[in-house]
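To start, the structure itself, in structure tokens.
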Amino acid sequence: MPHFDVAIIGSGASGQTVAAECAKAGKSVAVIDRRPYGGTCSLRGCVPKKVLLAGAEAIGRSAMLVGKGVSGACSIDWPELMAFKRSYTDPVPARTEHWMRELGIETIHGPTTFVSEGELRVGDTSITADAFVVATGARPMELGIEGEEYVNTSEDFLGLESLPARIAFIGGGYISFEFAAIAHHAGAQATIVHRSAQVLKGFDPTLAGMLAERYSSLGIDVLTDAPVKRVEKSEGGLIVVTPTARIETDLVVHGAGRVPDLQELDLSAAGIEQSRRGVTVDRRLRSTSNPKVWAIGDAAAIGMPLTPVAGAQGEVAAANILGGDEEFDTAATPSVIFSDPPMARVGVDADFAESDDNLESRFFDMSGWFTQTRVGNDTGGAVLVIDKQSDTIVGAHLLGVDADEVINVFTLAVKFGLTVAQLKTVTWSYPSLAYEINYLTGRY
1 MPHFDVAIIG SGASGQTVAA ECAKAGKSVA VIDRRPYGGT CSLRGCVPKK VLLAGAEAIG
61 RSAMLVGKGV SGACSIDWPE LMAFKRSYTD PVPARTEHWM RELGIETIHG PTTFVSEGEL
121 RVGDTSITAD AFVVATGARP MELGIEGEEY VNTSEDFLGL ESLPARIAFI GGGYISFEFA
181 AIAHHAGAQA TIVHRSAQVL KGFDPTLAGM LAERYSSLGI DVLTDAPVKR VEKSEGGLIV
241 VTPTARIETD LVVHGAGRVP DLQELDLSAA GIEQSRRGVT VDRRLRSTSN PKVWAIGDAA
301 AIGMPLTPVA GAQGEVAAAN ILGGDEEFDT AATPSVIFSD PPMARVGVDA DFAESDDNLE
361 SRFFDMSGWF TQTRVGNDTG GAVLVIDKQS DTIVGAHLLG VDADEVINVF TLAVKFGLTV
421 AQLKTVTWSY PSLAYEINYL TGRY
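So the sequence shown is numbered by the numbering used here: it starts at 1 and just counts up by one.
This is the structure in structure tokens:
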């Protein structure tokens with residue numbers, strides 16, 4: 001029976017980080033995956049999505065400037081765009097495995113399940129290890145509706161060879177808002193169907209409402225208070241049924257959330273406790289019930305389900321497996337929705353600020369500000385959350401062109417406890433969205 005110092009289940013960002021660090025330290029390492037190596041972000045998530053977004057953004061930008069010096073129609077060639085996407089994703093599995101083997105890491109393919117506290121079964125083979133790392137990522141949650149078999153995943157959408165004329169997205173989260181923008185700018189009629197009144201939970205509700213209105217003005221239908229009851233086959237395609245509407249469409253895409261991908265591992269056989277958020281771990285990312293096990297990334301019940309978080313957790317887990325005593329810092333993690341326009345956040349939100357007398361939230365409508373209007377965008381805003389006593393910035397929320405970049409400035413501010421007064425002393429490049437920080441801080 002093969003034995004390793006470290007056995008890692010999952011070959012995504014977090015698993016790769018642990019594997020590389022442990023291998024460089026001289027440990028024998030195995031990385032196990034039942035799917036092509038590279039993980040969700042590189043193959044089925046962030047990277048292919050951003051490639052498709054590049055085309056959508058080009059169409060969106062040109063459309064916003066029609067009548068402002070830009071003329072002529074621009075359109076997306078969907079098969080060509082998909083081929084461009086594959087130029088990034090197709091080489092990833094072989095490249096990842098080659099890189100691992102160069103580091104002396106053994107790659108093992110197959111479905112994986114725990115047999116005991118110290119043993120895994122991979123296909124027909126059993127392996128043991130001194131340390132196990134669960135880095136299996138996430139999968140779409142089950143909707144529990146009639147006709148769920150007609151619903152496609154976000155992965156299916158990213159692999160479409162042709163674009164249907166009508167697409168309905170179930171759920172009002174980041175997946176639906178990002179993919180609806182891609183579909184719309186590629187020429188499809190996109191509809192977002194959300195079960196409650198507020199879309200994009202976790203983001204500032206005022207900014208989220210502004211974004212939903214922006215989508216409606218583009219021609220993307222955003223239906224709220226519309227829980228999906230079932231999906232039906234029809235003569236002309238599919239019908240999404242809510243209590244008050246029947247939405248005819250050609251494709252239905254699941255954008256209603258993801259859950260840790262743990263169902264096949266039989267964690268109970270290894271005495272590994274879990275919650276709905278993932279494997280229960282301490283701040284060192286070690287299982288609270290099995291000291292041989294670590295969990296990281298979307299599989300762990302700590303931290304936001306984001307690729308940079310997964311990588312950072314991989315670093316912490318690797319350090320601790322190698323004898324260190326590091327804790328994962330959950331503060332100051334930025335999150336971005338690559339919508340049209342982008343929306344970003346970091347730190348405390350305005351709703352929390354309202355419940356804490358020590359905090360103050362400041363809202364700014366940036367829709368008419370130069371950094372937005374010069375590119376034809378009519379939707380922008382910002383919310384800063386400030387500690388009244390210390391003057392430190394504890395949260396920031398942005399909506400508008402370049403929000404995905406400028407949120408990193410506020411991430412530094414939140415991480416290192418910078419004050420409003422300190423940001424006022426900075427000279428920002430002009431004209432840029434970062435320069436608007438002068439107005440957000442009251443310098444001008």
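The C-beta atom is built at its ideal place from N, Cα and C for all residues, glycine as well. Note that this is a predicted model, so its numbers are computed, not measured.
Bridge-paired residues (DSSP) for residue i
i    : result
W294 : V133 and R286
S275 : G278
D387 : L359
D33  : H109
F169 : I192 and V253
V47  : DSSP, once it has assigned bridges, lists no residue as partnering V47.
F338 : In the DSSP output, where bridge partners are listed per residue, F338 has none listed.
A197 : Answer is none; A197 lacks a bridge partner.
I145 : Per DSSP, none; premise fails for I145.
D365 : G381
P260 : A138
I127 : L120
D221 : T191
T419 : T392
H3   : T128
K233 : L238
Beta-carbon contacts of residue i that lie in its chain and below 8 Å, excluding the five residues immediately before and after
i    : result
R214 : D340, P341, D378 and T379
S116 : A269 and A270
S216 : V222
K24  : L103
L56  : For the sequence presented, residue 56 should be read as Ala rather than Leu. Here the set comprises I76, A181, I182, H184, H185, A186 and D340.
L322 : E21, C22, A25 and K27
Same chain only: Cβ atoms within 7 Å of residue i, ignoring 5 sequence neighbours per side
i    : result
H184 : A190, L218, G219 and I220
M141 : A256, G257, R258 and V259
A332 : V346, G347, T411, V414 and K415
P431 : F370 and T371
G147 : R230, V231 and E232
S28  : F4 and D5
M64  : V375, G376 and N377
V406 : L398, L433 and A434
L43  : P36, T89 and V92
Y150 : V231, K233, L238 and V252
T427 : none
Backbone CA spacing between residue i and residue j [nearest angstrom]
i    : j    : result
A73  : G67  : 12 Å
G282 : T288 : Looking at the sequence provided, one finds Asp at residue 282 rather than Gly. D282 and T288: Cα-Cα distance of roughly 6 Å.
T153 : L143 : 11 Å
S162 : L81  : 10 Å
K233 : L200 : 29 Å
G347 : A188 : 35 Å
V385 : S196 : 26 Å
A212 : V228 : 19 Å
I76  : D156 : 19 Å
D356 : T392 : 15 Å
S335 : R286 : 25 Å
Y174 : I192 : 11 Å
V492 : D225 : Within the shown structure, residues of the chain are numbered from 1 to 444, placing residue 492 beyond reach of any answer.
E97  : T107 : 7 Å
S367 : D349 : 21 Å
V70  : R61  : 10 Å
W99  : A83  : 25 Å
P305 : D402 : 22 Å
D33  : L160 : 24 Å
R95  : L440 : 45 Å
I105 : V309 : 23 Å
I337 : Q422 : 28 Å
I239 : G172 : 18 Å
G314 : A129 : 18 Å
G395 : D404 : 15 Å
Supposed close pair residue i, residue j - CB separation, criterion 8 Å
i    : j    : result
P36  : P111 : At roughly 14 Å, the Cβ-Cβ gap does not stay under 8 Å, so P36 and P111 are not in contact.
N358 : D387 : 6 Å
T206 : F363 : 6 Å
D261 : T113 : That belief does not hold up - the Cβ atoms of D261 and T113 are roughly 13 Å apart, past 8 Å.
S11  : V31  : 5 Å
M343 : L398 : 7 Å
A7   : F132 : 5 Å
E326 : R284 : 7 Å
Close beta carbons around residue i, own chain, < 6 Å, minus the five adjacent residues each side
i    : result
L158 : P48
N438 : Y444
P2   : I127
S390 : none
S136 : One point to set straight first is that residue 136 is Thr, not Ser, in the sequence displayed. Excluding sequence neighbours, T136 sits near I9, G10, D261 and A299.
V134 : I9, V279, A295 and A299
- Query: Do the stretch 84–102 and the stretch 47–66 touch if we need at least three Cβ pairs shorter than 8 Å?
  - Reply: yes
- Message: For the pair the stretch 296–314 and the stretch 114–126, tell me if three or more CB-CB distances fall below 8 Å.
- Response: no
- Are at least three pairs of beta-carbons, each pair with one atom in the stretch 308–322 and one in the stretch 19–27, less than 8 Å apart? yes
- Message: I'd like to know if the stretch 161–176 and the stretch 243–251 are in contact, where contact means that at least 3 CB-CB pairs between them fall below 8 Å.
- Response: yes
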